[in-house]
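A short write-up of the structure that comes next.
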Amino acid sequence: MKKIIIALCAALLLVRLTPPTLQAQTAVQCEAEYQVQAGDTLASIAAETLNDPLAFPVLVVLANAVLDDAYTNIDDPNVIEEGWTLCIPSEEDVPELLAQADPAVQAVARQAGIVVPPPLEETLWVLVGYGTPDDLTLVQPGSVVTAQFSADGTLTGSAGCNTYNTSFEFGRNDSLTIQPAATTRVFCEGLMDQEQFYLAALEQATAYQITPEGFLEIEYSTGRLSSQSLFFVAGQADLKNTQWVLQRFGDPEALQAVEPATTITAVFTGPADSNEGTLVGFGGCNRYTTGFTTEADQITVEPVAATMMACAVGGEQEAAYLALLQEAESFQITGKQLQLTGPNGVLIYSSINLPLEQVLWTLESFGAPAAQEPVSGESDITALFVPSNEATDDEAV
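If you read the sequence shown in the working numbering, its first letter stands for residue 60, the second for the next number, and so on.
Structure (C-alpha coordinates):
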(Lines of atoms letter the chains of each structure in order from A; the text may use other names.)
(Lines give C-alpha, C1' and ligand atoms only; values in the text may rest on other atoms or scores of the structure.)
Protein backbone atom coordinates (compact mmCIF):
# COMPACT_ATOMS: atom_id res chain seq x y z
CA MET A 60 0.00 0.00 0.00
CA LYS A 61 1.42 3.33 -1.05
CA LYS A 62 1.23 5.57 2.00
CA ILE A 63 0.54 9.28 2.03
CA ILE A 64 3.31 10.77 4.10
CA ILE A 65 2.01 13.67 6.15
CA ALA A 66 4.01 15.46 8.83
CA LEU A 67 1.84 17.63 11.05
CA CYS A 68 2.99 20.07 13.72
CA ALA A 69 2.08 19.72 17.37
CA ALA A 70 -0.09 22.84 17.11
CA LEU A 71 -2.75 20.54 15.73
CA LEU A 72 -3.54 19.47 19.28
CA LEU A 73 -4.75 22.99 19.99
CA VAL A 74 -7.39 22.85 17.26
CA ARG A 75 -10.86 21.99 18.50
CA LEU A 76 -11.78 19.24 16.10
CA THR A 77 -15.30 19.01 14.73
CA PRO A 78 -16.31 16.50 12.06
CA PRO A 79 -15.01 18.02 8.80
CA THR A 80 -17.50 18.08 5.95
CA LEU A 81 -16.96 18.70 2.28
CA GLN A 82 -18.77 21.48 0.43
CA ALA A 83 -19.53 19.05 -2.37
CA GLN A 84 -18.43 15.47 -2.10
CA THR A 85 -16.32 14.21 -4.95
CA ALA A 86 -16.31 10.58 -6.02
CA VAL A 87 -12.89 9.18 -5.19
CA GLN A 88 -11.23 5.84 -5.59
CA CYS A 89 -9.93 4.00 -2.56
CA GLU A 90 -6.29 3.16 -3.04
CA ALA A 91 -6.34 1.20 0.21
CA GLU A 92 -8.76 0.34 3.00
CA TYR A 93 -8.36 -0.12 6.73
CA GLN A 94 -10.34 -2.52 8.92
CA VAL A 95 -10.78 -1.07 12.42
CA GLN A 96 -9.46 -3.44 15.10
CA ALA A 97 -10.21 -3.62 18.82
CA GLY A 98 -8.29 -0.92 20.68
CA ASP A 99 -7.78 1.27 17.62
CA THR A 100 -8.00 5.05 17.88
CA LEU A 101 -7.97 7.64 15.12
CA ALA A 102 -4.42 8.53 16.13
CA SER A 103 -3.23 4.93 15.87
CA ILE A 104 -4.98 4.49 12.51
CA ALA A 105 -3.39 7.72 11.25
CA ALA A 106 0.00 6.41 12.35
CA GLU A 107 -0.62 3.18 10.44
CA THR A 108 -2.09 4.63 7.24
CA LEU A 109 -0.55 8.11 7.06
CA ASN A 110 2.68 7.56 8.98
CA ASP A 111 1.79 10.19 11.59
CA PRO A 112 -0.52 9.88 14.63
CA LEU A 113 -1.21 13.63 14.54
CA ALA A 114 -2.67 13.31 11.04
CA PHE A 115 -6.06 12.15 12.32
CA PRO A 116 -8.01 15.29 11.16
CA VAL A 117 -6.75 14.69 7.63
CA LEU A 118 -7.69 11.02 7.98
CA VAL A 119 -11.27 12.04 8.81
CA VAL A 120 -11.49 14.24 5.70
CA LEU A 121 -10.13 11.51 3.46
CA ALA A 122 -12.25 8.72 4.93
CA ASN A 123 -15.44 10.79 4.65
CA ALA A 124 -14.86 11.63 0.98
CA VAL A 125 -15.93 8.23 -0.34
CA LEU A 126 -19.51 7.82 -1.57
CA ASP A 127 -19.50 4.01 -1.44
CA ASP A 128 -21.78 2.57 1.27
CA ALA A 129 -19.30 -0.25 1.77
CA TYR A 130 -17.10 2.20 3.67
CA THR A 131 -17.82 3.97 6.96
CA ASN A 132 -17.88 7.74 7.37
CA ILE A 133 -16.60 9.17 10.66
CA ASP A 134 -19.28 11.34 12.26
CA ASP A 135 -17.57 11.73 15.64
CA PRO A 136 -13.75 11.61 15.76
CA ASN A 137 -13.96 10.32 19.32
CA VAL A 138 -16.02 7.26 18.34
CA ILE A 139 -14.35 4.41 16.43
CA GLU A 140 -15.95 0.97 16.30
CA GLU A 141 -14.35 -2.38 15.64
CA GLY A 142 -15.22 -3.74 12.22
CA TRP A 143 -15.52 -0.41 10.42
CA THR A 144 -13.91 -0.25 6.98
CA LEU A 145 -12.25 3.07 6.20
CA CYS A 146 -11.35 4.25 2.70
CA ILE A 147 -7.84 5.64 2.15
CA PRO A 148 -7.86 7.65 -1.13
CA SER A 149 -4.85 7.98 -3.40
CA GLU A 150 -2.27 10.74 -3.12
CA GLU A 151 -3.62 12.26 -6.32
CA ASP A 152 -7.00 12.90 -4.66
CA VAL A 153 -5.59 14.55 -1.54
CA PRO A 154 -5.18 18.16 -2.82
CA GLU A 155 -8.75 18.39 -4.12
CA LEU A 156 -10.21 16.84 -0.97
CA LEU A 157 -8.27 19.15 1.33
CA ALA A 158 -9.28 22.16 -0.77
CA GLN A 159 -12.85 21.54 0.41
CA ALA A 160 -11.93 20.78 4.03
CA ASP A 161 -12.28 22.87 7.18
CA PRO A 162 -9.81 25.82 7.30
CA ALA A 163 -8.22 24.46 10.49
CA VAL A 164 -7.38 21.19 8.75
CA GLN A 165 -6.10 23.11 5.72
CA ALA A 166 -3.83 25.24 7.89
CA VAL A 167 -2.27 22.22 9.54
CA ALA A 168 -1.87 20.50 6.18
CA ARG A 169 -0.04 23.54 4.80
CA GLN A 170 2.28 23.55 7.80
CA ALA A 171 3.06 19.96 6.92
CA GLY A 172 4.02 20.98 3.39
CA ILE A 173 0.91 19.57 1.72
CA VAL A 174 -0.34 21.59 -1.24
CA VAL A 175 -3.90 22.79 -0.62
CA PRO A 176 -5.30 24.53 -3.72
CA PRO A 177 -7.07 27.82 -2.95
CA PRO A 178 -10.86 27.94 -3.34
CA LEU A 179 -12.34 29.54 -6.43
CA GLU A 180 -14.46 31.89 -4.33
CA GLU A 181 -13.02 34.69 -2.17
CA THR A 182 -9.56 34.34 -3.76
CA LEU A 183 -8.03 37.20 -5.73
CA TRP A 184 -7.00 35.63 -9.04
CA VAL A 185 -4.40 37.41 -11.19
CA LEU A 186 -4.29 36.69 -14.93
CA VAL A 187 -0.89 35.65 -16.29
CA GLY A 188 -1.84 34.69 -19.84
CA TYR A 189 -4.38 33.19 -22.20
CA GLY A 190 -4.53 30.72 -25.08
CA THR A 191 -3.13 27.22 -24.76
CA PRO A 192 -0.13 25.95 -22.77
CA ASP A 193 1.74 25.49 -26.07
CA ASP A 194 0.74 28.89 -27.46
CA LEU A 195 0.41 31.23 -24.49
CA THR A 196 -0.07 34.98 -24.84
CA LEU A 197 1.27 36.78 -21.77
CA VAL A 198 -0.48 39.70 -20.12
CA GLN A 199 1.01 43.00 -21.24
CA PRO A 200 3.79 44.28 -18.96
CA GLY A 201 2.54 46.89 -16.53
CA SER A 202 -1.09 45.75 -16.63
CA VAL A 203 -2.81 43.73 -13.91
CA VAL A 204 -5.97 41.78 -14.74
CA THR A 205 -7.84 40.23 -11.82
CA ALA A 206 -10.94 38.19 -11.03
CA GLN A 207 -12.61 37.65 -7.67
CA PHE A 208 -15.55 35.25 -7.37
CA SER A 209 -17.82 35.84 -4.37
CA ALA A 210 -20.11 33.40 -2.62
CA ASP A 211 -23.17 35.47 -3.61
CA GLY A 212 -22.52 34.79 -7.30
CA THR A 213 -20.86 38.08 -8.21
CA LEU A 214 -17.59 38.38 -10.12
CA THR A 215 -15.55 41.57 -9.86
CA GLY A 216 -12.07 42.64 -10.83
CA SER A 217 -9.81 44.79 -12.96
CA ALA A 218 -9.70 44.18 -16.71
CA GLY A 219 -6.32 45.91 -16.95
CA CYS A 220 -7.67 49.44 -17.32
CA ASN A 221 -11.28 49.45 -16.17
CA THR A 222 -12.92 47.68 -13.26
CA TYR A 223 -15.80 45.33 -14.02
CA ASN A 224 -18.58 43.45 -12.30
CA THR A 225 -20.88 40.67 -13.41
CA SER A 226 -22.45 37.44 -12.15
CA PHE A 227 -21.57 33.80 -12.58
CA GLU A 228 -23.20 30.41 -12.11
CA PHE A 229 -21.79 26.93 -11.62
CA GLY A 230 -23.16 23.89 -13.41
CA ARG A 231 -22.46 20.19 -13.39
CA ASN A 232 -18.96 18.81 -13.98
CA ASP A 233 -17.24 22.13 -13.20
CA SER A 234 -19.11 24.02 -15.91
CA LEU A 235 -19.17 27.80 -15.55
CA THR A 236 -21.38 30.51 -17.05
CA ILE A 237 -20.46 34.22 -16.79
CA GLN A 238 -22.82 37.01 -17.80
CA PRO A 239 -21.75 40.11 -19.81
CA ALA A 240 -19.87 42.52 -17.55
CA ALA A 241 -20.56 46.15 -16.69
CA THR A 242 -17.38 48.26 -16.64
CA THR A 243 -16.11 51.74 -15.96
CA ARG A 244 -15.23 53.80 -19.05
CA VAL A 245 -11.62 54.89 -18.73
CA PHE A 246 -9.35 54.81 -21.80
CA CYS A 247 -5.82 53.43 -21.35
CA GLU A 248 -3.42 53.71 -24.25
CA GLY A 249 -2.20 50.30 -25.40
CA LEU A 250 -4.39 48.25 -23.05
CA MET A 251 -7.85 48.38 -24.61
CA ASP A 252 -7.44 45.47 -27.06
CA GLN A 253 -6.30 43.15 -24.26
CA GLU A 254 -9.13 44.35 -22.01
CA GLN A 255 -11.81 43.77 -24.64
CA PHE A 256 -10.42 40.32 -25.41
CA TYR A 257 -10.42 39.37 -21.73
CA LEU A 258 -14.00 40.51 -21.12
CA ALA A 259 -15.17 38.70 -24.26
CA ALA A 260 -13.40 35.52 -23.13
CA LEU A 261 -15.16 35.68 -19.76
CA GLU A 262 -18.51 35.88 -21.59
CA GLN A 263 -17.61 32.73 -23.51
CA ALA A 264 -16.55 30.78 -20.39
CA THR A 265 -17.66 27.16 -20.38
CA ALA A 266 -15.75 25.47 -17.54
CA TYR A 267 -13.07 25.93 -14.92
CA GLN A 268 -10.56 23.93 -12.93
CA ILE A 269 -8.15 24.62 -10.09
CA THR A 270 -5.03 22.57 -10.65
CA PRO A 271 -3.28 20.68 -7.82
CA GLU A 272 -0.58 23.36 -7.99
CA GLY A 273 -3.18 26.05 -7.23
CA PHE A 274 -3.63 27.64 -10.66
CA LEU A 275 -7.07 28.62 -12.00
CA GLU A 276 -7.88 27.82 -15.62
CA ILE A 277 -11.11 29.17 -17.13
CA GLU A 278 -11.93 27.52 -20.43
CA TYR A 279 -13.67 29.69 -23.02
CA SER A 280 -15.12 28.84 -26.42
CA THR A 281 -13.40 30.10 -29.56
CA GLY A 282 -15.99 28.62 -31.94
CA ARG A 283 -15.92 25.60 -34.23
CA LEU A 284 -15.82 23.17 -31.32
CA SER A 285 -12.52 24.58 -30.10
CA SER A 286 -11.59 26.28 -26.86
CA GLN A 287 -8.73 28.01 -25.09
CA SER A 288 -8.15 29.06 -21.49
CA LEU A 289 -7.48 32.03 -19.25
CA PHE A 290 -4.65 31.18 -16.84
CA PHE A 291 -4.63 32.77 -13.36
CA VAL A 292 -2.48 32.55 -10.24
CA ALA A 293 -3.71 33.25 -6.73
CA GLY A 294 -2.12 35.97 -4.72
CA GLN A 295 -1.90 39.47 -3.43
CA ALA A 296 1.50 41.01 -2.83
CA ASP A 297 2.39 42.68 0.47
CA LEU A 298 3.49 46.31 0.57
CA LYS A 299 6.53 45.49 2.68
CA ASN A 300 9.50 43.39 1.65
CA THR A 301 8.31 43.11 -1.94
CA GLN A 302 10.44 44.17 -4.88
CA TRP A 303 8.30 46.76 -6.70
CA VAL A 304 9.25 47.85 -10.22
CA LEU A 305 7.71 51.01 -11.68
CA GLN A 306 5.71 50.46 -14.87
CA ARG A 307 3.78 53.70 -15.46
CA PHE A 308 3.50 57.09 -13.79
CA GLY A 309 2.03 60.58 -14.06
CA ASP A 310 -1.48 61.82 -14.82
CA PRO A 311 -3.98 58.94 -14.40
CA GLU A 312 -5.69 60.05 -17.63
CA ALA A 313 -2.41 60.10 -19.60
CA LEU A 314 0.03 57.71 -17.97
CA GLN A 315 3.64 57.58 -19.15
CA ALA A 316 5.55 54.33 -19.53
CA VAL A 317 8.99 54.03 -17.98
CA GLU A 318 11.68 54.92 -20.51
CA PRO A 319 13.18 51.93 -22.38
CA ALA A 320 16.34 50.46 -20.84
CA THR A 321 15.68 52.16 -17.49
CA THR A 322 14.48 50.51 -14.29
CA ILE A 323 12.95 52.21 -11.25
CA THR A 324 12.43 50.19 -8.08
CA ALA A 325 11.02 50.55 -4.57
CA VAL A 326 11.31 48.23 -1.57
CA PHE A 327 9.39 49.07 1.61
CA THR A 328 11.22 47.41 4.49
CA GLY A 329 10.36 46.93 8.14
CA PRO A 330 8.48 44.56 10.48
CA ALA A 331 5.18 43.33 9.09
CA ASP A 332 3.32 44.40 12.25
CA SER A 333 4.69 47.97 12.20
CA ASN A 334 3.14 50.93 10.38
CA GLU A 335 6.51 52.48 9.62
CA GLY A 336 9.74 51.50 7.94
CA THR A 337 12.46 52.40 5.47
CA LEU A 338 11.94 52.77 1.73
CA VAL A 339 14.93 52.06 -0.51
CA GLY A 340 15.19 51.81 -4.26
CA PHE A 341 16.75 52.85 -7.55
CA GLY A 342 15.43 55.88 -9.42
CA GLY A 343 16.84 54.91 -12.80
CA CYS A 344 20.09 56.78 -12.22
CA ASN A 345 20.63 57.11 -8.47
CA ARG A 346 19.90 55.00 -5.44
CA TYR A 347 17.62 56.55 -2.85
CA THR A 348 16.43 55.97 0.71
CA THR A 349 13.78 57.50 2.96
CA GLY A 350 11.31 56.66 5.70
CA PHE A 351 7.58 56.02 5.41
CA THR A 352 4.52 55.51 7.60
CA THR A 353 1.13 53.96 6.80
CA GLU A 354 -2.32 54.13 8.35
CA ALA A 355 -4.95 51.92 6.69
CA ASP A 356 -4.56 52.82 2.98
CA GLN A 357 -2.83 56.15 3.68
CA ILE A 358 0.92 56.59 3.29
CA THR A 359 3.41 59.34 4.07
CA VAL A 360 6.87 59.32 2.46
CA GLU A 361 9.56 61.45 4.06
CA PRO A 362 12.01 63.58 2.01
CA VAL A 363 14.33 61.40 -0.04
CA ALA A 364 18.11 61.16 0.28
CA ALA A 365 19.80 60.01 -2.95
CA THR A 366 23.21 59.62 -4.52
CA MET A 367 24.18 62.38 -6.94
CA MET A 368 25.29 60.67 -10.15
CA ALA A 369 24.63 62.38 -13.48
CA CYS A 370 23.07 60.14 -16.14
CA ALA A 371 22.55 60.90 -19.83
CA VAL A 372 19.41 58.74 -19.85
CA GLY A 373 16.71 58.77 -17.21
CA GLY A 374 17.69 61.88 -15.25
CA GLU A 375 14.50 63.88 -15.90
CA GLN A 376 12.37 60.79 -15.41
CA GLU A 377 14.04 60.16 -12.05
CA ALA A 378 13.33 63.72 -10.89
CA ALA A 379 9.66 63.37 -11.83
CA TYR A 380 9.47 59.99 -10.10
CA LEU A 381 11.00 61.16 -6.82
CA ALA A 382 8.73 64.21 -6.76
CA LEU A 383 5.61 62.04 -7.13
CA LEU A 384 6.94 59.54 -4.60
CA GLN A 385 7.37 62.18 -1.88
CA GLU A 386 3.85 63.50 -2.55
CA ALA A 387 2.18 60.08 -2.19
CA GLU A 388 -0.88 60.13 0.07
CA SER A 389 -2.50 56.71 -0.43
CA PHE A 390 -1.68 53.25 -1.73
CA GLN A 391 -3.67 50.39 -3.20
CA ILE A 392 -2.53 46.83 -3.94
CA THR A 393 -4.39 44.76 -6.52
CA GLY A 394 -2.86 41.36 -7.00
CA LYS A 395 0.74 42.03 -7.99
CA GLN A 396 0.22 45.74 -8.69
CA LEU A 397 0.87 48.66 -6.32
CA GLN A 398 -0.48 52.15 -6.97
CA LEU A 399 0.69 55.19 -5.02
CA THR A 400 -1.56 58.22 -5.45
CA GLY A 401 -0.81 61.88 -4.72
CA PRO A 402 -2.22 65.29 -5.69
CA ASN A 403 -0.17 65.52 -8.88
CA GLY A 404 -0.25 61.96 -10.21
CA VAL A 405 0.16 58.26 -9.58
CA LEU A 406 2.95 55.70 -9.55
CA ILE A 407 2.05 52.19 -10.72
CA TYR A 408 4.42 49.34 -9.85
CA SER A 409 4.36 45.59 -10.39
CA SER A 410 5.84 42.96 -8.11
CA ILE A 411 8.72 40.81 -9.31
CA ASN A 412 8.84 38.51 -6.26
CA LEU A 413 8.64 35.30 -8.25
CA PRO A 414 10.42 31.94 -7.99
CA LEU A 415 13.02 31.16 -10.64
CA GLU A 416 11.49 27.82 -11.60
CA GLN A 417 8.16 27.24 -13.37
CA VAL A 418 7.76 30.92 -14.30
CA LEU A 419 7.75 32.00 -17.95
CA TRP A 420 10.27 34.85 -18.04
CA THR A 421 10.15 37.43 -20.86
CA LEU A 422 13.37 39.29 -21.80
CA GLU A 423 12.90 43.07 -21.73
CA SER A 424 16.49 44.31 -22.12
CA PHE A 425 20.06 43.06 -22.37
CA GLY A 426 23.66 44.23 -22.33
CA ALA A 427 25.95 45.79 -19.75
CA PRO A 428 24.23 46.89 -16.51
CA ALA A 429 24.88 50.55 -17.31
CA ALA A 430 23.99 50.30 -21.01
CA GLN A 431 20.92 48.10 -21.37
CA GLU A 432 19.29 47.80 -24.80
CA PRO A 433 15.55 47.08 -25.10
CA VAL A 434 14.35 43.96 -26.91
CA SER A 435 12.69 44.57 -30.27
CA GLY A 436 8.94 44.96 -29.95
CA GLU A 437 8.48 42.52 -32.85
CA SER A 438 9.37 39.43 -30.83
CA ASP A 439 9.01 37.89 -27.39
CA ILE A 440 12.08 36.06 -26.07
CA THR A 441 11.21 33.83 -23.15
CA ALA A 442 12.88 31.37 -20.79
CA LEU A 443 11.36 28.65 -18.64
CA PHE A 444 13.46 27.08 -15.86
CA VAL A 445 12.21 23.62 -14.96
CA PRO A 446 13.15 21.61 -11.83
CA SER A 447 15.34 19.04 -13.53
CA ASN A 448 18.90 18.70 -14.72
CA GLU A 449 18.19 20.92 -17.71
CA ALA A 450 16.55 24.29 -18.27
CA THR A 451 14.67 24.91 -21.48
CA ASP A 452 14.29 28.20 -23.25
CA ASP A 453 12.00 29.24 -26.02
CA GLU A 454 11.66 32.03 -28.53
CA ALA A 455 8.24 32.80 -29.94
CA VAL A 456 7.62 35.39 -32.67
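Beta carbons: idealized from backbone N, C-alpha and C, even for Gly.
This structure is a prediction, so every number in the text was calculated from the model and none was measured.
Under the 8 Å Cβ criterion, the stretch 192 to 205 does not count as touching the stretch 230 to 243, having fewer than three qualifying pairs.
Minimum Cα-Cα distance from Ala-313 among the listed residues Ala-241, Val-245, Thr-393, Ala-371 corresponds to Val-245. In the pairwise beta carbon analysis, the stretch 331 to 343 is classified as not touching the stretch 393 to 400: fewer than three pairs are separated by under 8 Å.
In the DSSP assignment, Gln-396 is bridged to Thr-393, Ser-409.
Here Ser-409 is buried. Its C-beta has 16 or more other C-beta atoms within 10 Å. Taking the Cα positions, Leu-298 is about 44 Å away from Glu-107. Rounded to whole angstroms, the Cβ separation of Ser-280 and Gln-263 is 5 Å, and the two are in contact under 8 Å. As for any beta strand (DSSP E) of minimum length 3 sitting wholly inside the stretch 180 to 240, the runs are 183 to 191, 194 to 197, 205 to 208, 213 to 217, 222 to 229, 235 to 237, ordered along the chain. Shown here, Phe-115 sits in a helix according to DSSP, grouped into three states. Taking a 10 Å sphere around the C-beta of Asn-123, we find 16 or more other C-beta atoms and assign the residue as buried. Arg-346 is the residue among Gln-357, Arg-346, Tyr-93 whose C-alpha sits nearest the C-alpha of Ala-369. DSSP, reduced to helix, strand and coil, places Tyr-267 within a strand of the structure shown.
In the DSSP assignment, Ala-320 falls outside any alpha helix (DSSP H), carrying neither H nor E. Within 10 angstroms of the beta-carbon of Glu-155 lie 16 or more other beta-carbons, which makes it buried. Val-120 counts as buried, since no fewer than 16 other beta carbons sit within 10 angstroms of its beta carbon. Pairing Glu-181 with Asp-356, the inter-Cα distance amounts to about 21 Å. Cβ-Cβ distances below 7 Å link Glu-386 to Gly-401, Pro-402, Asn-403 in the same chain, with the five nearest sequence neighbours on each side left out; the list follows chain order. Cβ contact annotation for Pro-330 (same chain, cutoff 6 Å, sequence separation greater than five): none.
In the three-state reduction of the DSSP assignment, Leu-156 falls in the helix class. Bounds of the alpha helix (DSSP H) holding Glu-262 are 251 to 262. Note that the C-beta distance between Phe-341 and Thr-324 is below 7 Å. With respect to Phe-290, Val-187 sits close: the two C-beta atoms are nearer than 7 Å.
Secondary structure note for Gly-374: its alpha helix (DSSP H) is the uninterrupted segment 374 to 385.
As the crow flies, the alpha-carbon of Thr-270 is around 43 Å from that of Gly-373.
Each residue's CA atom was taken as its position, placing Val-304 and Ala-442 some 20 Å apart. In the three-state reduction of the DSSP assignment, Val-304 falls in the strand class. In the structure shown, Val-120 adopts helical secondary structure according to DSSP, grouped into three states.
Taking 7 Å as the cut-off, the beta carbon of Ile-358 is found closer than this to the beta carbon of Phe-390. Shown here, Thr-243 sits in coil according to DSSP, grouped into three states, outside any helix or strand. Within the DSSP secondary-structure output, Glu-276 pairs in a beta bridge with Gln-268, Phe-290. Here Trp-143 has Gln-94, Val-95, Thr-131 as same chain residues with Cβ atoms under 8 Å from its own Cβ, once five neighbours each way along the sequence are excluded.
Only exposed fits Leu-284, as fewer than 16 other CB atoms lie within 10 angstroms of its CB.
Taken through DSSP and simplified to helix, strand or coil, Thr-348 comes out as strand. Counted as a single uninterrupted DSSP element, the stretch harbouring Thr-366 is not any beta strand (DSSP E), since DSSP gives it neither H nor E.
When rounded, the separation of the alpha-carbon atoms in Ala-259 and Tyr-189 is 12 Å.
DSSP places Ala-91 inside the beta strand (DSSP E), whose first and last residues are 89 to 94.
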